[in-house]
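Participant: Chains as they are written, first to last, in the working numbering: chain A, 2 to 276; chain B, 2 to 276; chain C, 2 to 276; chain D, 2 to 276; chain E, 2 to 276; chain F, 2 to 276.
From the three backbone atoms N, C-alpha and C, an ideal C-beta is built for every residue, glycine too.
Note that the coordinates shown come from a computational prediction; the quantities given were computed from them, not determined experimentally.
Protein chains: 6
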Amino acid sequence: MLLKEIEHFLEEDCGHEDYELIVPITTVCNAEITVKEDGLLAGLEEVLQIFDYAGLKYSTEFTDADALRAEDVVVRLHGSAAKILKVERLVLNILGRMSGIATLVHEYVEEAQSGNYHVTVAGTRKTTPGFRKYEKRAIMIGGGDPHRFGLADAVIIKDNHLALMGLEQAIKKAKSAISFTRKLEIEVETIEDALQAASLGVDIIMLDNMTPTKVKECLQLLNTSGLRDRLLIEASGGITKENVREYAATGVDIVSIGRLTYAARSLGFSLHVRT
Amino acid sequence: MLLKEIEHFLEEDCGHEDYELIVPITTVCNAEITVKEDGLLAGLEEVLQIFDYAGLKYSTEFTDADALRAEDVVVRLHGSAAKILKVERLVLNILGRMSGIATLVHEYVEEAQSGNYHVTVAGTRKTTPGFRKYEKRAIMIGGGDPHRFGLADAVIIKDNHLALMGLEQAIKKAKSAISFTRKLEIEVETIEDALQAASLGVDIIMLDNMTPTKVKECLQLLNTSGLRDRLLIEASGGITKENVREYAATGVDIVSIGRLTYAARSLGFSLHVRT
Amino acid sequence: MLLKEIEHFLEEDCGHEDYELIVPITTVCNAEITVKEDGLLAGLEEVLQIFDYAGLKYSTEFTDADALRAEDVVVRLHGSAAKILKVERLVLNILGRMSGIATLVHEYVEEAQSGNYHVTVAGTRKTTPGFRKYEKRAIMIGGGDPHRFGLADAVIIKDNHLALMGLEQAIKKAKSAISFTRKLEIEVETIEDALQAASLGVDIIMLDNMTPTKVKECLQLLNTSGLRDRLLIEASGGITKENVREYAATGVDIVSIGRLTYAARSLGFSLHVRT
Amino acid sequence: MLLKEIEHFLEEDCGHEDYELIVPITTVCNAEITVKEDGLLAGLEEVLQIFDYAGLKYSTEFTDADALRAEDVVVRLHGSAAKILKVERLVLNILGRMSGIATLVHEYVEEAQSGNYHVTVAGTRKTTPGFRKYEKRAIMIGGGDPHRFGLADAVIIKDNHLALMGLEQAIKKAKSAISFTRKLEIEVETIEDALQAASLGVDIIMLDNMTPTKVKECLQLLNTSGLRDRLLIEASGGITKENVREYAATGVDIVSIGRLTYAARSLGFSLHVRT
Amino acid sequence: MLLKEIEHFLEEDCGHEDYELIVPITTVCNAEITVKEDGLLAGLEEVLQIFDYAGLKYSTEFTDADALRAEDVVVRLHGSAAKILKVERLVLNILGRMSGIATLVHEYVEEAQSGNYHVTVAGTRKTTPGFRKYEKRAIMIGGGDPHRFGLADAVIIKDNHLALMGLEQAIKKAKSAISFTRKLEIEVETIEDALQAASLGVDIIMLDNMTPTKVKECLQLLNTSGLRDRLLIEASGGITKENVREYAATGVDIVSIGRLTYAARSLGFSLHVRT
Amino acid sequence: MLLKEIEHFLEEDCGHEDYELIVPITTVCNAEITVKEDGLLAGLEEVLQIFDYAGLKYSTEFTDADALRAEDVVVRLHGSAAKILKVERLVLNILGRMSGIATLVHEYVEEAQSGNYHVTVAGTRKTTPGFRKYEKRAIMIGGGDPHRFGLADAVIIKDNHLALMGLEQAIKKAKSAISFTRKLEIEVETIEDALQAASLGVDIIMLDNMTPTKVKECLQLLNTSGLRDRLLIEASGGITKENVREYAATGVDIVSIGRLTYAARSLGFSLHVRT
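This is the structure in structure tokens:
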């Protein structure tokens, strides 16, 4: 984290209150962060940086992506009680949200790979404004693929581009406009569009809102026409923990799932002073 | 929203990519934002400000806190297609996250008030770093109470303060240190502590992790000792949609519930260009 | 102080001039900060943080809120002469402005409490834009109450609200809109309004621009009507060092005084290199 | 003002509270800013920019540097009541602080120029951290000279430089290090140093903490030695409204006075809604 | 440009000087921006946004990427003279630097494509800190490819990665760590490494510091081994206007050239008030 | 450098990518920065500050303004490989751009001073937006004068001021408006204007776009009229390495040259990991 990110988040929680009012500033104590439920740890690297910023000492037996069991002591802290209380909520919120996402991603990955060992489970841009960087990292820690970070890495031609320009023109324009360092993806809703996009040359085709059967059919047609080979195929839209295995089993390369971030709930952590 | 907040969130999504690469910058179009499922609208005021920032024209028949039915057209847009595509994801993420929280809060409020018409359903500081302001506002739109924003409004003596200083000293110190403009709340886990805190004089007592039965008992003892009257009593810890009614029925003034924010999922919205 | 606050203030004074032009960057020296006149020390904690930022070593026998006598050596410094010269003016300005306010507050507190030992002397929002956090802290160090920091903590219904909505509607709207964690205060100019506000239920009533006699009368009527008990009463408007004792003696809980910040003058400090 | 400055100051006062809670957002009203006492107007240009930012309409018959009489209506406003209430305190604080300084400066200028019509009354860097730009501008509006803004415009060799390097070396080093576009000033405490500095070639000599008699003597010696001509001579240290005329009458070019900013008190303004 | 970028650049040039001191703020005038030499226009879109920010009216017959002839009037301006003078230097610096780069890129593209019509001329990350976004855009306007913006889009395994990990391990690690949405490029200095990288599967191979002959040989070996087909081959290192045609003629897909940015000189523009 | 400047530049290059993906975060290594060509070192102080920020250890035998020979090892580094790779490009870009400018300035200074030992070679405001501070410092390191930093130090009356107000009025207005701490310069294109400006009293006259002969003639006329003495005379416009000596030899005090920054190319540096 940049120092300015740490201060931006701390300021959100502390406002103008730089000085703990209740606990004497000379009080020193130990504290422990424990997890309340099983899950996958994410956000540890971030919170350790926050402890460094606050001048707190710490030790831990874990690293991000480790499995946690309820009651595990994730970090042991030592230092100014006032400073521990000042960073407490931010640190718990980061651990909670990131581990919550990582845990959910991990469940999806397990389920999806039971249907297709090589499938990639990917996130989307459906993240909380102001916290995407950490939600994307949590996806990676959970074993998923963050997908593009924002508009400035891979280029995706989406439904609205197609509505505005038509598929052929959109692909042509994109290919002439984007850097050779960036991949070109297109989101299509019909098999016809998928085949046309493949023949016009893109790197990735996202099959949006198709049933697993439709996805399978599309993959076969791409195979038949010899276009499958150089393409990554991504299924997206309406994929849940219930059907992700079926989607994976179609042979797609990637399943991308908005709810990895927009429907994740935080994992419970708490911080207790030990005197 | 401040201009700097809008630009901070936009920059997160767009990076250095100021210029839509695919759609000609002269293209003008209409677009509609529709909701995919029933829920309570929140975030509209924010996204209209973003449209103003982007120079887009809009109309809407809704205001925040309105009930939405799946397929409702929430906003109609007109303007530069490139600019619509640039703000699309941010706008949908704001509407989705805020409406998701508002919808969940509304459900809790309905359920809780079926047990006690006067109960207040409140949030906590368990929010996503960088987006608290909007999550708190979503709670209010949903009919809940945002609770304190951060460390700088009401003062809460929490478990860690008690561990460090003991209840009596913590209350004394807090009362001497905080402004008369701020309320003093204390979080207790036993009835004894609640009674002692009440007699030492605080504004709000949070009964943490007590069963509804325990809460009731505590309220009765406070009543008996004549201390109930000037106090707000808040129940917190482990309150879910299943038991919120029972907690409310104990007669507490407030139930505060972390999962209003940390376990909310986004409401689905989409934006479609209409040509 | 956040690092970004330190850099914001330093940049104001140093602009693009990162490098001391005259003194060789290898020169190391001692320096002392002395106070030129009697007063109350405030801002020490801030300037020590600035010395930490600049990598300077320091020692001091004082803490904030200590009484200073003219010529006292407040801080002894050791380190890079160039860095000492770079932070000199900022550090003196912070000490000067904060100690000036703290000293003035202390004088008001002494005077007021000679009339009523239990009275609270409070500041207002009449502060210098960009420096409120430190002016409010100086008030606290001087023994005063900072009053609400800004619009986002306690809610105050002021004359303009009354002009727009009337007293009854304003109170009703405020009570339905604000969090249970926040106090509700109302500013009134007549005894009638004070009584009505008290009966409608607010936490604090500010009697604005009333003479001490009027204030007394109002307190008696509130007493008589049994409404005094749960209320904090604040007198405000035109309170000076000359009449503050009289106001305090009326029995109000708080006297709030804009001139604690808007009419404070800095206390004199200087920094001298000792070679 | 830059938009980011406006938002920085507004955020200080409003925190996360973007939305007025009491007054309906649809309410539109008129309002007037009046001055409570005689003085010199400063800060008008800034507050009009804030009204533009807030989308408020305004009219005024004044411009900065105009004399104000108590009860003058300085600005008439029209627009959203919620927005008027949101900017009210910031706007009054800017007008108050800037006009307070301008008024004080004007008094010093009148007094000083009664002793020497050509004397310049200048400020110092003893300003409130975070608000210097506006305090310096207030000095100019009041008829004074802002003096250097910070370390990055004119170079001043001060007592601490002399302690570290001696006068001759400091001047030599400065002359070799600074741009030809910048003036070189030196602060001296003895006539000997003044003469030596003059002979070594500087642009401005500040006679620090000398009595008017001493200043006069120094000027005569400079005259005699033919060095006065190309120099600006500035008197500084302990100059008050009582003695400024005497200092001016010595024939110095400039009197610089820290208390123009560090001892100024705000001029009273108030904003009233007119319904 | 974001408003904050405009203000960041303006503040660099104007500092605390918000108000033009010489020209009356009521003066209105016309002005013209003319180009002093032939070249390719870039930066127009940016400067028009700055004029919008400053409230200036403008007209132009050009768009970015247009060829300019010495003395062409690029933009006609109308509005406040003070504001025109305030933005003048920033606007000229943006036009100058961006057009200078675009012009140079265009010359390289012409020369390179005379050797190989399909070759792409690309930039690098050797840009001026703080201005990359605009230098990259100038490359695009000049007909070049911006190459990756920074570390966060395409991943490039460079010489230092190879020194640390060896080629095979570096590719393996990268392939397992990066998102499917990102391309993987490797920089190699020998033909052996190029062949090995190709067989391990990367998207782009950069042949660093090879002679055109060596590049040709490498391409042939890749062809022979059937690996050329799915790869983009980029030549880099020591490519100048003199040899770019020869490099292009080897059949590489891309030539990337640091001096497009690090050795570009500004194109001359000037702004003249027309009264 | 301020921490916020370091983070602003780093963020430009690294975006959201806080974590090196390829090299294990535990890998520690040595590295060397070498220069590829002869030149003058500038930017070292800045890059050492960046290494401090990144927690890297370093040693160097050089300081800014030292002459470098191709292949010199400028800095030796030790620390986290991931962190070295993260700052590598920023550090090389700073060294390259600053040393490139310093080297070019040094060449101009040598050439100019061969014609007139006392001449000052100065830069202009024709710098890259966002990087002026460092380009100005590079000019100083190269032995040149940075000229005014921006609009807020010396005041220059330029052609556009003359077009708007005429010379006499512009000088009068400027003299009444600017602080005594600032120098007043005027840019003129005719000898008549130079003489008039001299007689009206300015500190510096810039002779713009005059031939050396014209400059000489102007200097003689100023001499004759006894006005030369108190003035600095600056020649500007069209000065190149070819004619700078001739301009210097006219006896002007300063030659100012935009191409010191706008036409400088970077000096080549590279960073190599040593395992």
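(1) Would you call the region 213 to 228 of chain F and the region 188 to 198 of chain F in contact, with 3 or more CB pairs under 8 Å?
(2) Around the Cβ of D209(F), are there at least 16 other Cβ atoms within 10 angstroms (buried) or fewer (exposed)?
(3) Report all residues from its chain with a CB closer than 8 Å to the CB of V29(E); omit the five preceding and five following residues, and keep chain order.
(4) DSSP three-state label for H107(F), please.
(5) Under 8 Å, Cβ to Cβ, is there at least one residue of chain B near M2(E)?
(6) Could one say the Cβ of T290(D) lies closer than 8 Å to chain C's Cβ atoms, at least one of them?
(7) Starting from H9(C) and walking both ways along the alpha helix (DSSP H), at which residues does that stretch end?
(8) Spell out a yes or no on whether the region 253 to 265 of chain F and the region 5 to 12 of chain F are touching, meaning 3 or more CB-CB pairs, one atom from each, closer than 8 Å.
(9) With 16 other CB atoms within 10 Å as the buried threshold, where does Y118(B) fall?
(10) Taking the Cβ atom as the reference point for each residue, do G145(D) and A123(D) lie within a distance shorter than 8 Å?
(11) For A123(B), report the span of its alpha helix (DSSP H) as first-last.
(12) What does H79(B) pair with, by DSSP beta-bridge criteria?
(13) I need the boundaries of the alpha helix (DSSP H) containing L196(F), first residue and last residue.
(14) Suppose you measure from the CA of L168(D) to the CA of V24(C); what does that come to, to the nearest Å?
(15) Using only the alpha-carbon positions, how far apart do K134(C) and D19(A) sit?
(16) Determine the contact status of F270(F) and K37(F), defining contact as a CB-CB distance below 8 Å.
(17) With burial defined as no fewer than 16 other Cβ atoms inside 10 Å of the residue's Cβ, what is the status of D14(C): buried or exposed?
(18) Flag E47(F) as yes if its beta-carbon sits less than 8 Å from any beta-carbon of chain A, otherwise no.
(19) Please state whether DSSP places M211(A) in a helix, a strand or coil.
(20) With DSSP collapsed to three states, give me the class of I172(B).
(21) For the beta strand (DSSP E) containing H273(F), name the first residue and the last one.
(22) Please decide whether G143(A) counts as near chain B, where near means a Cβ-Cβ distance under 8 Å.
(23) Exposed or buried, which one is S237(D) when buried takes at least 16 other CB atoms within 10 Å?
(24) Tell me the DSSP secondary structure of R183(B) in three-state form.
(25) Compute the Euclidean distance between the alpha carbons of L3(F) and E47(F), then round it to the nearest angstrom.
(26) Cα separation between E186(B) and S267(A)?
(27) Three or more beta-carbon pairs under 8 Å between the region 84 to 96 of chain C and the region 42 to 56 of chain C, yes or no?
(28) Span of the alpha helix (DSSP H) holding L136(B)?
(29) Should A139(A) be labelled buried (16 or more other beta-carbon atoms within 10 Å of its own) or exposed?
(30) Short of 7 Å in beta carbon distance, which residues of its chain neighbour Y59(D), apart from the five on each side in sequence? Order them along the chain.
(31) How would you call L39(C), buried or exposed, if buried means at least 16 neighbouring beta carbons within 10 angstroms?
(32) Verify the contact flag: V156(D), CB atom, against every heavy atom of the ligand COA, threshold strictly below 7 Å.
(33) Excluding the 5 residues preceding and the 5 following H273(E) in the sequence, name in chain order all residues of the same chain whose CB lies nearer than 6 Å to its CB.
(34) Could you tell me which chain D residues have their CB closer than 7 Å to the CB of K5(E), listed as they occur along the chain?
(35) Measuring only between beta-carbons, confirm whether F52(F) sits less than 8 Å from chain C.
(36) On the DSSP letters alone, give me the boundaries of the beta strand (DSSP E) that V256(F) sits inside.
Facilitator: Judging by the given coordinates:
(1) yes
(2) Within the sixth sequence, numbered from 1, the residue matching residue 209(F) stands at position 208. When all chains shown are included, D209(F) counts as buried.
(3) In the fifth sequence, counting from the first residue as 1, residue 29(E) sits at position 28. H79, G80, S81 and A82.
(4) Reading the sixth sequence from its first residue, position 106 is the one you call residue 107(F). The answer is helix: DSSP assigns H107(F) an H, G or I state.
(5) Position 1 of the fifth sequence, counting from 1, holds the residue named residue 2(E). Output row for M2(E): interface = yes.
(6) For chain D, the structure presents residues 2 to 276; residue 290(D) sits outside this window and is missing.
(7) By one-based count along the third sequence, residue 9(C) stands at place 8. Element bounds for H9(C): L4 to C15.
(8) no
(9) As a first step, residue 118(B) must be located in the second sequence, where it is residue number 117. Exposed, by the Cβ-count rule.
(10) Along the fourth sequence, one-based indexing puts residue 145(D) at 144. Along the fourth sequence, one-based indexing puts residue 123(D) at 122. The answer is yes: Cβ separation under 8 Å.
(11) As a first step, residue 123(B) is located in the second sequence; it is residue number 122 there, counting from the start. No alpha helix (DSSP H) contains A123(B), which is instead part of the beta strand (DSSP E) from T121 to A123.
(12) In the second sequence, residue 79(B) corresponds to position 78, counting from 1. Paired residue(s): N31(B) and K58(B).
(13) Within the sixth sequence, the letter at position 195 stands for residue 196(F). I192 to L201 is the span of the alpha helix (DSSP H), which, as asked, contains L196(F).
(14) Taking the first residue of the fourth sequence as 1, we reach residue 168(D) at position 167. Taking the first residue of the third sequence as 1, we reach residue 24(C) at position 23. Cα to Cα, L168(D) sits roughly 12 Å from V24(C).
(15) Locating residue 134(C) in the third sequence gives position 133, where the first residue counts as 1. Locating residue 19(A) in the first sequence gives position 18, where the first residue counts as 1. C-alpha separation (whole angstroms): 9 Å.
(16) Against the sixth sequence, residue 270(F) aligns to sequence position 269. Against the sixth sequence, residue 37(F) aligns to sequence position 36. Against a cut-off of 8 Å, the Cβ pair of K37(F) and F270(F) comes out as a contact.
(17) The residue given as residue 14(C) occupies position 13 in the third sequence. Label assigned to D14(C): buried.
(18) Residue numbering aside, residue 47(F) sits at position 46 when the sixth sequence is read from its first letter. Cβ-Cβ to chain A under 8 Å: no for E47(F).
(19) Here residue 211(A) is taken as the residue at index 210 of the first sequence, counted from 1. Note: M211(A) maps to coil in three-state DSSP.
(20) Sequence index remark: in the second sequence, residue 172(B) carries index 171 (1-based). Correct three-state label for I172(B): helix.
(21) The residue given as residue 273(F) occupies position 272 in the sixth sequence. Residues F270 to R275.
(22) The residue given as residue 143(A) occupies position 142 in the first sequence. Cβ-Cβ to chain B under 8 Å: no for G143(A).
(23) In the fourth sequence, the residue the question calls residue 237(D) occupies position 236. When all chains shown are included, S237(D) counts as buried.
(24) Position 182 of the second sequence, counted from the first residue, corresponds to residue 183(B). Looking at R183(B) - three-state DSSP - the assignment turns out to be strand.
(25) Looking up residue 3(F) in the sixth sequence gives position 2. Looking up residue 47(F) in the sixth sequence gives position 46. Each residue's alpha carbon lies about 10 Å from the other.
(26) Locating residue 186(B) in the second sequence gives position 185, counting from the first residue. Locating residue 267(A) in the first sequence gives position 266, counting from the first residue. The straight-line gap from Cα to Cα measures roughly 25 Å.
(27) yes
(28) Reading the second sequence from its first residue, position 135 is the one you call residue 136(B). Before going on, a small fix: residue 136(B) reads as Glu here, not Leu. Where E136(B) is concerned, the enclosing alpha helix (DSSP H) stretches over R133 to I142.
(29) Stepping through the first sequence from its first residue, residue 139(A) is reached at position 138. Classification for A139(A): buried.
(30) For the purposes of this step, residue 59(D) is identified with residue 58 of the fourth sequence, where counting begins at 1. L49, F52, V76, R77 and L78, listed in sequence order.
(31) What you label residue 39(C) is simply residue 38 of the third sequence in a count that begins at 1. Leu is not the amino acid found at residue 39(C); the sequence shown has Asp there. With fewer than 16 other Cβ atoms within 10 Å, it is exposed.
(32) You won't find the ligand COA in this model; it holds no ligand whatsoever.
(33) Position 272 of the fifth sequence holds residue 273(E). Excluding residues within five positions, the ones whose Cβ falls inside 6 Å are E33.
(34) On the fifth sequence, position 4 is the one that residue 5(E) refers to. By Cβ distance, chain D contributes K5.
(35) As a first step, residue 52(F) is located in the sixth sequence; it is residue number 51 there, counting from the start. With 8 Å as the cut-off, F52(F) does not count as an interface residue toward chain C.
(36) As a first step, residue 256(F) must be located in the sixth sequence, where it is residue number 255. First-last of the beta strand (DSSP E) with V256(F): I255 to S257.
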